[in-house]
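A short worksheet on the structure shown next.
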Amino acid sequence: MQNPGWSLVVHGGSGVIDRADLTPEQDRAYRAVLAQAAETGAAVLKAGGAALDAVEAAIHVLEDDPLFNAGRGAVFTAEGCNELDAAIMDGATLDAGAVAGVTRVRNPISAARRVMENSPHVLLIGRGADAFAEAQRLATVDPSYFFVETRWKALERQLGREGRAVPGRPAGADRDERHAALAHDEGKRGTVGCVARDAQGHVAAGTSTGGITAKSWGRVGDSPLIGAGTYASDASAAVSGTGEGEYFIRLSVARTIAALVELKGLSLQAAVDEVVQGRLTALGGHGGVIAVAPDGQMAWSFNTSGMYRARISDRGPLEVAIYKDEP
Ligand code: ASP
90 MQNPGWSLVV
100 HGGSGVIDRA
110 DLTPEQDRAY
120 RAVLAQAAET
130 GAAVLKAGGA
140 ALDAVEAAIH
150 VLEDDPLFNA
160 GRGAVFTAEG
170 CNELDAAIMD
180 GATLDAGAVA
190 GVTRVRNPIS
200 AARRVMENSP
210 HVLLIGRGAD
220 AFAEAQRLAT
230 VDPSYFFVET
240 RWKALERQLG
250 REGRAVPGRP
260 AGADRDERHA
270 ALAHDEGKRG
280 TVGCVARDAQ
290 GHVAAGTSTG
300 GITAKSWGRV
310 GDSPLIGAGT
320 YASDASAAVS
330 GTGEGEYFIR
340 LSVARTIAAL
350 VELKGLSLQA
360 AVDEVVQGRL
370 TALGGHGGVI
380 AVAPDGQMAW
390 SFNTSGMYRA
400 RISDRGPLEV
410 AIYKDEP
């Protein structure tokens, strides 16, 4: 039976996130931004807005906050740059858009949406994608906008572990330093994402990331790849992933979850668990997903020690969680 209500789930990345790692101040800061993102998306849905608009609005909050590896606060490449990836998908039409390796777009999720709506393509990369975003009059920034000191330190540590040279330090613009200093190193990674189901019964998914610390050679992960880190279909589910992209790509994680719902009739929770706890774990990959179904079911699953996450619906209050032992 169709449920006329709405639901929304956000994530802010998975990884090594143990209770003992986060100070009470960090814990509070992460929960506050997750709540703000979920409530921003929920406000769109409560007003009868589209799932796609809710996803974009919620992701803006997470991209603009330096605590998360997306937009400002993105991790650095081995060359000392920030190269951002994002994707968005509309479950009602199967329209999708994505960008990879952009360096000047303030909100990569909006560039992905413009690719979907204003170009005949699905995925644009690098300089071309930056130029497209500029031509679309999206907000662009100097690359120093993305600089956050804690991410730079994480790059230095990672390159040190790999025995690689540390590049020259870029001109930093670490505004709002006190808040940005609370960013926690999840072990190279992080990502943000949102899935939503609107009152019309449509679902949408979006994912935005800086990728992995010290990535090289134009590495692109699963986040901007439709079917891997991001997927949405009104026939099954909307899914956004976070984790080791190379594993998510090879397992087509997001589309496989949708296929288990659509073709095998699994419940949403059974489908996310089968792929994350089952297939991803068996292959040796780490990460997690969030999902919603057109009937309003919400689910998440991860095999890491934590995943920043929040969910809210017309049927229940906001829930925010970080660690594995939380419901
Ligand atoms: N999935 C992202 C990537 O591989 C990273 C993450 O979610 O932690 O680019």
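According to this note's numbering, the sequence shown is numbered sequentially starting from 90.
C-beta atoms are modelled at their ideal positions from N, C-alpha and C, and glycine is treated no differently.
Requested in this report: Report, in whole angstroms, the separation of the C-beta atoms of F157 and T302, which I expect to be a contact under 8 Å.
Outcome: Taking the sequence shown and counting its residues from 1, one reaches residue 157 at position 68. Taking the sequence shown and counting its residues from 1, one reaches residue 302 at position 213. Going by Cβ atoms, the distance from F157 to T302 rounds to 14 Å, so no, they are not a contact pair.
**Report entry** Near the ligand ASP: G279 beta-carbon under 6 Å from a heavy atom
**Finding:** Here residue 279 is taken as the residue at index 190 of the sequence shown, counted from 1. Yes.
Query raised in the report: Which term fits P197, buried or exposed, when burial requires 16 or more other beta carbons within 10 angstroms of its beta carbon?
Result: Taking the first residue of the sequence shown as position 1, residue 197 is located at position 108. Label assigned to P197: buried.
Requested in this report: Taking H100 and A181 to be in contact with their CB atoms under 8 Å, please state how far apart those CB atoms are, rounded to whole angstroms.
Outcome: Indexing the sequence shown from 1 puts residue 100 at position 11. Indexing the sequence shown from 1 puts residue 181 at position 92. Their Cβ separation, rounded to whole angstroms, is 22 Å, which puts H100 and A181 out of contact at 8 Å.
**Report entry** Delimiting residues of the beta strand (DSSP E) encompassing Y234
**Finding:** The residue given as residue 234 occupies position 145 in the sequence shown. No beta strand (DSSP E) contains Y234, which DSSP labels as neither H nor E.
Query raised in the report: Regarding T331 and the ligand ASP, is the C-beta to nearest heavy atom distance less than 6 Å?
Result: Taking the first residue of the sequence shown as position 1, residue 331 is located at position 242. Because some heavy atom of the ligand ASP lies under 6 Å away, the Cβ of T331 counts as near it: yes.
Query raised in the report: Going by the C-beta, is S312 closer than 6 Å to any heavy atom of the ligand ASP?
Result: Here residue 312 refers to the residue found at position 223 when the sequence shown is read from its first residue. S312 Cβ: within cutoff of the ligand ASP.
**Report entry** Residue from P259, P232, Y234, S233 with nearest C-alpha to E245
**Finding:** Taking the sequence shown and counting its residues from 1, the one referred to as residue 245 is at position 156. The candidate whose alpha carbon is nearest that of E245 is P259.
**Report entry** Rounded separation between D294 and V328 - CA only
**Finding:** For this step, residue 294 is matched to residue 205 along the sequence shown. For this step, residue 328 is matched to residue 239 along the sequence shown. Before going further, note that residue 294 is Ala rather than Asp in the sequence given. Roughly 6 Å between the two C-alpha positions.
Query - Per DSSP, the bridge partner or partners of K304 - result: The residue labelled residue 304 in the question sits at position 215 within the sequence shown. Beta-bridge pairing links K304 to T166.
Query - F221 in three-state terms, based on DSSP - result: Position 132 of the sequence shown holds residue 221. The answer is helix: DSSP assigns F221 an H, G or I state.
Query raised in the report: Near R400, which residues of its chain fall below 6 Å by C-beta distance, leaving aside the five closest residues on each side in sequence?
Result: In the sequence shown, residue 400 corresponds to position 311, counting from 1. Counting only Cβ-Cβ distances below 6 Å, and skipping sequence neighbours, we find V98, M387, E408.
Query raised in the report: How would you write the range of the beta strand (DSSP E) that F391 sits in, first residue to last?
Result: Translated into positions along the sequence shown, residue 391 becomes position 302. Segment 387–391, the beta strand (DSSP E) holding F391.
Query raised in the report: First and last residue of the alpha helix (DSSP H) that includes P113?
Result: Locating residue 113 in the sequence shown gives position 24, counting from the first residue. That run of the alpha helix (DSSP H) goes 113–135.
Query raised in the report: Applying the criterion that 16 or more other CB atoms from any shown protein chain within 10 Å of the CB defines a buried residue, is K242 buried or exposed?
Result: In the sequence shown, residue 242 corresponds to position 153, counting from 1. Exposed is the call here.
**Report entry** Sequence-distant residues of the same chain with beta carbon closer than 8 Å to E139, five excluded per side
**Finding:** Residue mapping note: residue 139 aligns to position 50 of the sequence shown, counting from 1. Residue 139 is actually Ala in this sequence, not Glu. Here the set comprises V133, D287, Q289, H291, A293.
Query - Buried or exposed (CB count within 10 angstroms, at least 16 for buried), G42 - result: The structure shown does not extend to residue 42, since the chain is modelled only from 90 through 416, so no value can be given for it.
Query - Extent of the continuous beta strand (DSSP E) to which L407 belongs - result: The residue given as residue 407 occupies position 318 in the sequence shown. From DSSP, the beta strand (DSSP E) with L407 extends over 405–412.
Requested in this report: Name the two residues that bound the continuous alpha helix (DSSP H) containing R278.
Outcome: Stepping through the sequence shown from its first residue, residue 278 is reached at position 189. Premise fails: R278 is in no alpha helix (DSSP H) and is neither H nor E.
Query - Segments of 3+ residues assigned as beta strand (DSSP E) that fall wholly inside the region 314–372 - result: 319–321, 327–332
Query raised in the report: Between which two residues does the beta strand (DSSP E) containing V98 stretch?
Result: Taking the sequence shown and counting its residues from 1, one reaches residue 98 at position 9. Element bounds for V98: 96–104.
Query raised in the report: Can at least three beta-carbon pairs, one atom from the region 265–272 and one from the region 303–310, be found at a separation below 8 Å?
Result: no
Query raised in the report: Can you give the Cα-Cα distance for K135 and P406, rounded to whole angstroms?
Result: Position 46 of the sequence shown, counted from the start, is the residue given in the question as residue 135. Position 317 of the sequence shown, counted from the start, is the residue given in the question as residue 406. C-alpha separation (whole angstroms): 13 Å.
**Report entry** Same chain, Cβ closer than 6 Å to P416, five either side skipped, listed in chain order
**Finding:** Taking the sequence shown and counting its residues from 1, one reaches residue 416 at position 327. Taken in chain order, the list of residues that qualify is empty.
Query raised in the report: Are the region 324–342 and the region 206–219 in contact at 8 Å, needing three or more beta carbon pairs?
Result: no
**Report entry** Whole-angstrom distance between F236 and E266, CA atom to CA atom
**Finding:** Along the sequence shown, one-based indexing puts residue 266 at 177. Along the sequence shown, one-based indexing puts residue 236 at 147. Near 11 Å, if we compare the C-alpha coordinates of F236 and E266.
Query raised in the report: Quick one, which of T192, G354, T393 has its alpha-carbon nearest A324's?
Result: Residue mapping note: residue 324 aligns to position 235 of the sequence shown, counting from 1. Out of T192, G354, T393, G354 has the C-alpha closest to the C-alpha of A324.
Query raised in the report: Taking C-alpha atoms, which residue in R404, S402, Y397, D403 lies nearest to D414?
Result: Along the sequence shown, one-based indexing puts residue 414 at 325. Cα-wise, what sits closest to D414 is Y397.
Report task. State yes or no: is the C-beta of A189 within less than 7 Å of the C-beta of D174? Result -> Working through the sequence shown from its first residue, we reach residue 189 at position 100. Working through the sequence shown from its first residue, we reach residue 174 at position 85. Cβ distance < 7 Å, so A189 and D174 count as in contact.
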